[in-house]
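Take a look at the structure set out below.
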Amino acid sequence: MSAEIVLSGVAAVCDLSGALYLPDHDTLVVSDLHLEKGAAFARRGQLLPPYDTQATLKLLDAVVTRYQPKTVISLGDNFHDRVGSALMPLPFREMISAIARGRDIVWINGNHDPDGTINLPGNSVDEYRLAGLTFRHEPSLAHGRGEVAGHLHPAATVRRREKSVRRPCFATDGSRMIMPSFGVTTGGLDLRHKAFTGLFARADLIAHLLGRDRIYSVRYGNLMG
Numbered sequence: 053m054s055a056e057i058v059l060s061g062v063a064a065v066c067d068l069s070g071a072l073y074l075p076d077h078d079t080l081v082v083s084d085l086h087l088e089k090g091a092a093f094a095r096r097g098q099l100l101p102p103y104d105t106q107a108t109l110k111l112l113d114a115v116v117t118r119y120q121p122k123t124v125i126s127l128g129d130n131f132h133d134r135v136g137s138a139l140m141p142l143p144f145r146e147m148i149s150a151i152a153r154g155r156d157i158v159w160i161n162g163n164h165d166p167d168g169t170i171n172l173p174g175n176s177v178d179e180y181r182l183a184g185l186t187f188r189h190e191p192s193l194a195h196g197r198g199e200v201a202g203h204l205h206p207a208a209t210v211r212r213r214e215k216s217v218r219r220p221c222f223a224t225d226g227s228r229m230i231m232p233s234f235g236v237t238t239g240g241l242d243l244r245h246k247a248f249t250g251l252f253a254r255a256d257l258i259a260h261l262l263g264r265d266r267i268y269s270v271r272y273g274n275l276m277g
């Protein structure tokens, strides 16, 4: 269900859930939860099924329960808009409080939620550093080595059993990692899109695709365009 990798000298596990676990530092990383997305759309007059926050938090609770990390880092766009944190209903706040109990929570600020969280456990920061790795929301062309970022929601397409399959993926060349989105109502951007230009050494780039029951690790050159 997972793929073990080394990221800028740090051992890491790409979990089938879309979370990244750093066993030597007992840290779990997720990206782009986009909590309260349905509520954000409703405030703009566009109705979506209002179950996204609960579903995403249940997935987060499951992976936290499995790894029991000391620290959880969420890589930005934790909420779908600036007011999502402030307006979040109490039952969801209680779910987050239960997940946070006995551990540190680091909320990285994203472009959707640049002002941080309100009345939730943990700390909101623009960047976080651990073991030579830098955790931020948007990848930086200038500072690639040891970067773990989100924002782009990478996905990739492969051919399997005479048909093409497109799946979210971890994207890494061993130096930088861009993580898949963890939220249940988020889309994906193909790894061959121009937004990824210059971010990776493509000769070393591997997409770790989230399959139904396992991770599929595919070199960039073997992906479908």
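First residue of the sequence shown? That's 53 in the working numbering, and the numbers climb one at a time after it.
Even glycine gets a Cβ: it sits at the ideal position worked out from N, Cα and C.
Note that the structure is predicted; figures quoted are calculated from it, not measured.
Here the C-alpha atom of valine 158 lies approximately 15 Å from the C-alpha atom of histidine 86.
Linking leucine 172 to asparagine 130 through their CA atoms gives a straight-line distance of about 12 Å. Distance from the CA atom of phenylalanine 187 to the CA atom of glycine 240, rounded to whole angstroms, is 20 Å.
Its chain contains Ser60, Gly184, Leu185 and Thr186 as the residues whose beta carbon lies nearer than 6 Å to that of glycine 198, once the 5 sequence neighbours on both sides are disregarded; these appear in chain order.
By the beta-carbon neighbour count (other beta carbons within 10 angstroms, threshold 16), methionine 53 is exposed.
According to the DSSP assignment, glutamate 56 belongs to the beta strand (DSSP E) that extends over 54 to 59. Contact between valine 81 and leucine 127 holds, since their C-beta atoms are separated by about 7 Å, short of 8 Å. Tyrosine 180 is classed as buried because its beta carbon has at least 16 other beta carbons within 10 Å across all chains shown. Proline 75 sits in a helix when the DSSP states are folded into three classes.
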